[in-house]
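Engineer: For the sequence shown, position 93 (counting from the first letter as 1) is numbered 682 according to my numbering, and the numbering increases by one without interruption. Note that CB positions come from ideal geometry on N, CA and C, so glycine has one too.
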Amino acid sequence: MTKIHLETYGKGKPIVLVHGWAMHTGIWREFAKHLAQNYRVTCIDLPGHGRSEKIDPFTLERIGDALVNAVPGESCCWLGWSLGVTVALDIAGRHAERVSSLALLAGNPSFAVGATGRSPETQTEWPGMDVRLLDAFAEQLNENCQATLLRFLSLQVNGLPDRKALLKSLKTAVFECDAPDKNSLQGGLDILKQADLRPVLSELRIPVSVILGGLDTLIPVAVGRQMRRLLPSLELNIIDRAGHVPFLSHSRETAAIISRFMDEQCI
Numbered sequence: 590m591t592k593i594h595l596e597t598y599g600k601g602k603p604i605v606l607v608h609g610w611a612m613h614t615g616i617w618r619e620f621a622k623h624l625a626q627n628y629r630v631t632c633i634d635l636p637g638h639g640r641s642e643k644i645d646p647f648t649l650e651r652i653g654d655a656l657v658n659a660v661p662g663e664s665c666c667w668l669g670w671s672l673g674v675t676v677a678l679d680i681a682g683r684h685a686e687r688v689s690s691l692a693l694l695a696g697n698p699s700f701a702v703g704a705t706g707r708s709p710e711t712q713t714e715w716p717g718m719d720v721r722l723l724d725a726f727a728e729q730l731n732e733n734c735q736a737t738l739l740r741f742l743s744l745q746v747n748g749l750p751d752r753k754a755l756l757k758s759l760k761t762a763v764f765e766c767d768a769p770d771k772n773s774l775q776g777g778l779d780i781l782k783q784a785d786l787r788p789v790l791s792e793l794r795i796p797v798s799v800i801l802g803g804l805d806t807l808i809p810v811a812v813g814r815q816m817r818r819l820l821p822s823l824e825l826n827i828i829d830r831a832g833h834v835p836f837l838s839h840s841r842e843t844a845a846i847i848s849r850f851m852d853e854q855c856i
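(1) In whole angstroms, what separates the C-alpha of Val797 from that of Arg787?
(2) Can you give me the C-alpha to C-alpha distance between Ile616 and His608, rounded to a whole angstrom?
(3) Relative to the alpha-carbon of Phe547, which residue among Ala692, Ala611 and Pro603 has its alpha-carbon at the smallest distance?
(4) What residue range does the beta strand (DSSP E) around Leu693 cover?
(5) Whose C-alpha, out of Leu730, Asn697, Ala736 and Gln735, is nearest the C-alpha of Arg717?
(6) According to DSSP, is Arg707 helix, strand or coil?
(7) Mapping the DSSP letters down to three states, classify Ile604 as helix, strand or coil.
(8) Check each candidate in Lys592, His623 and Arg640 and name the one with the smallest Cα separation from Glu765.
(9) Kindly indicate which three-state DSSP category Val660 falls into: helix, strand or coil?
(10) Between Phe620 and Phe836, how many whole angstroms is the CB-CB distance? I'm expecting something under 8 angstroms.
(11) Out of curiosity, what's the CA-to-CA distance linking Ser708 and Leu781?
(12) What runs of the beta strand (DSSP E), each 3 residues or longer, lie entirely inside the stretch 784-841?
(13) Note down, one range per segment and in chain order, each alpha helix (DSSP H) of at least 4 residues found wholly within the stretch 699-758.
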């Protein structure tokens, strides 16, 4: 069994936080401790990230299985951020008994722009990230891994008034641990390019909350409307002045949305 690193804080209704590409649990720590005033919050390192063991191949199915096996066997809310949204949706689709609700933060069930699905409800162009940018990241990883990661961090705070301070916080948190190995990083980019979790989203029968940043340069705010077309019961929240890391730039507002969502559920 793959060794997965966990950090757990607080008591109460359980919620699991799944980070994004190239990150680790350190990115959540202060935000998690804030949530832990009312909930039992578990932060989890993806395989090959932070202090978790690597898996090979780095596939969505193997990631989800490793995380589910690492978390105590109970149904709980899974909160995914960015790539973590893709992972959380996959877990909800394949391990439904372990997921009582989903909070999807700055993510996209079909990350690459222009993707079209096989089912009738996904046969329209879908807003997302330009696949050429993802390809460029993949190529640059082979040339200079650290520079590529720094560029990705910069994209997450582009256009925000407190960009410099946020970028410093991101760098401090991310480089607390060694960078993931190239296979894990490349595998994560492949997942973002190829995974299509829209059919899973459209069939969910659990509470779902989506939180997007109005200034996010990676996840177009228009994706929220498309997601709600697939799942009309979905709760959509837009933080107008936030970018791709609302839990850092607008931590109180993000926590308030999550707390309200958690408190509405009977677990």
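Structural biologist: This is what the structure holds:
(1) One-based indexing of the sequence shown puts residue 797 at position 208. One-based indexing of the sequence shown puts residue 787 at position 198. Going by the C-alpha atoms only, they are around 13 angstroms apart.
(2) Position 27 of the sequence shown holds residue 616. Position 19 of the sequence shown holds residue 608. Answer to the nearest angstrom: the Cα atoms are 8 angstroms apart.
(3) Coverage of the chain is limited to positions 590 through 856, which leaves residue 547 absent and any answer about it impossible.
(4) In the sequence shown, counting from the first residue as 1, residue 693 sits at position 104. Secondary structure note for Leu693: its beta strand (DSSP E) is the uninterrupted segment Val688 to Leu694.
(5) Locating residue 717 in the sequence shown gives position 128, where the first residue counts as 1. It is Gly, not Arg, that sits at residue 717 in the sequence shown. Answer by Cα proximity: Asn697.
(6) Taking the first residue of the sequence shown as 1, we reach residue 707 at position 118. With a pLDDT of only 43 at Arg707, under 50, the local geometry of the prediction cannot be trusted, and the value read off the model is given with reservation. Correct three-state label for Arg707: coil.
(7) Here residue 604 corresponds to residue number 15 of the sequence shown, with the count starting at 1. Taken through DSSP and simplified to helix, strand or coil, Ile604 comes out as strand.
(8) For this step, residue 765 is matched to residue 176 along the sequence shown. Checked all of Lys592, His623 and Arg640; the closest Cα to Glu765 is Arg640.
(9) The residue labelled residue 660 in the question sits at position 71 within the sequence shown. Val660 carries a coil assignment under DSSP once its states are collapsed to helix, strand and coil.
(10) By 1-based counting over the sequence shown, the position of residue 620 is 31. By 1-based counting over the sequence shown, the position of residue 836 is 247. Contact check for Phe620 and Phe836: beta-carbon distance about 5 angstroms, within the 8 angstroms limit, so the pair qualifies.
(11) In the sequence shown, the residue the question calls residue 708 occupies position 119. In the sequence shown, the residue the question calls residue 781 occupies position 192. A caution first: Ser708 carries a pLDDT of 44, below 50, which makes its placement in the model too unreliable to give a value.
(12) Whole beta strand (DSSP E) segments, 3+ residues: 797-802 and 824-828.
(13) Every alpha helix (DSSP H) stretch that sits fully inside the stretch 699-758 and reaches 4 residues is listed by chain position as 720-732 and 734-746.
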